[in-house]
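In what follows, a single structure is set out as structure tokens and then discussed.
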Amino acid sequence: MNAIEVEHLRKEFKVHKSRSGLVGAFRDLWTRRYTLVRAVDDISFAVKQGEIVGYIGENGAGKSTTIKMLTGILTPTSGRIVVNGMNPHKEREKFVRTIGVVFGQRSQLWWDIAVQESFRLLKKVYRVSDEQYRRHMAEVIDMLEIGPLLDKPVRKLSLGQRMRCELAAALIHNPPLLFLDEPTIGLMCLSNSTSASF
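Position in the sequence shown counted from 1, then plus 7, gives you this note's numbering.
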């Protein structure tokens, strides 16, 4: 069975094209010109359950846009997406409980509170029982070597420490599918054996 099925996926954005000079700026206040930018152009692929897949390409190639569509953050212009047997945009509440997501440039941890308090808040959001949380997170915390970081506020962590905590946060509800967008930012300190065990 496929965990992800994508057929003829396309995403287009309207981008404001500003005119140069002071006169152009005033004209833009009343009449705007737009350019259509195609961020993702007719891609199709499938990922089987249990498969580990890397999605690589140049800057601006549409990788993050594709991941945002696969996770239900963006709605595609056209095409079909099925992830974990669901349409990410139409079954949002049920769907988000089946995925974990780490965006290298965005945090799901609260900046001013201790890491473990962020974890506890996410535990409530995902409705994870105390027993499941204790059992599963003990393993994740040990594997990612973040035990000493749990009482520190997120703002006091280095980038590598924060990214390890972000990964742990994405795994709180033990999702069957994990999306990592720019996952290597700050994660150079994880050994290959640790990374592969996920």
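Heads up, the beta-carbon is just placed ideally off N, CA and C, and yes, glycines get one too.
Roughly how many angstroms lie between the CA atoms of residue i and residue j, to the nearest whole one?
i      : j      : result
Ile153 : Arg162 : 15 Å
Glu19  : Lys75  : 13 Å
Arg87  : Gly111 : 26 Å
Glu100 : Arg34  : 43 Å
Leu129 : Val109 : 14 Å
Ser136 : Ser125 : 16 Å
Lys24  : Ile80  : 25 Å
Trp117 : Lys131 : 14 Å
Leu207 : Thr42  : Limits of the chain in this structure are 8 at one end and 205 at the other, which puts residue 207 out of reach.
Met170 : Val47  : 27 Å
Ala145 : Ser27  : 57 Å
Cys172 : Pro155 : 11 Å
Gln168 : Asn91  : 30 Å
Using 8 Å for Cβ pairs, my map puts residue i next to residue j. What's the rounded Cβ distance?
i      : j      : result
Tyr133 : Arg104 : 6 Å
Asp158 : Gln123 : 7 Å
Leu174 : Leu151 : 6 Å
Phe186 : Ile120 : Actually they are not in contact, since the Cβ atoms of Phe186 and Ile120 sit about 25 Å apart, beyond 8 Å.
Check this for me: beta carbons of residue i and residue j, under 9 Å apart or not?
i     : j     : result
Ala10 : Gly64 : no
Val44 : Lys70 : no
For the candidate residues the options, whose alpha-carbon lies nearest to that of residue i?
i      : options                           : result
Leu16  : Thr42, Val89 and Arg113           : Val89
Tyr140 : Ser165, Asn181, Pro155 and Phe102 : Asn181
Glu138 : Arg40, Tyr41, Ile179 and Gly67    : Ile179
Glu12  : Glu98, Thr38, Leu77 and Val47     : Leu77
Ala176 : Arg40, Val147 and Glu98           : Val147
With a threshold of 7 Å on Cβ separation, who are the neighbours of residue i within its own chain once the five nearest residues in sequence on each side are excluded?
i     : result
Glu14 : Ser51, Gly86 and Arg87
Val60 : Val54
His96 : Gly79 and Thr82
Excluding the 5 residues flanking residue i on each side, which residues of the same chain have their C-beta closer than 6 Å to its C-beta?
i      : result
Asn199 : Only weak support exists for where Asn199 lies, its pLDDT of 46 falling under 50; the coordinates are left without a value.
Less than 8 Å between the CB of residue i and some heavy atom of the ligand MG, yes or no?
i     : result
Tyr41 : In the structure on display, the ligand MG does not appear, and there are no ligands present to speak of.
Ignore the nearest five residues each way along the sequence and tell me which others in residue i's own chain have a CB closer than 8 Å to its CB.
i      : result
Glu189 : Ser71, Phe110, Gly111 and Gln112
Leu184 : Ala10, Ile11, Val90, Asn91, Thr105, Ile106 and Gly107
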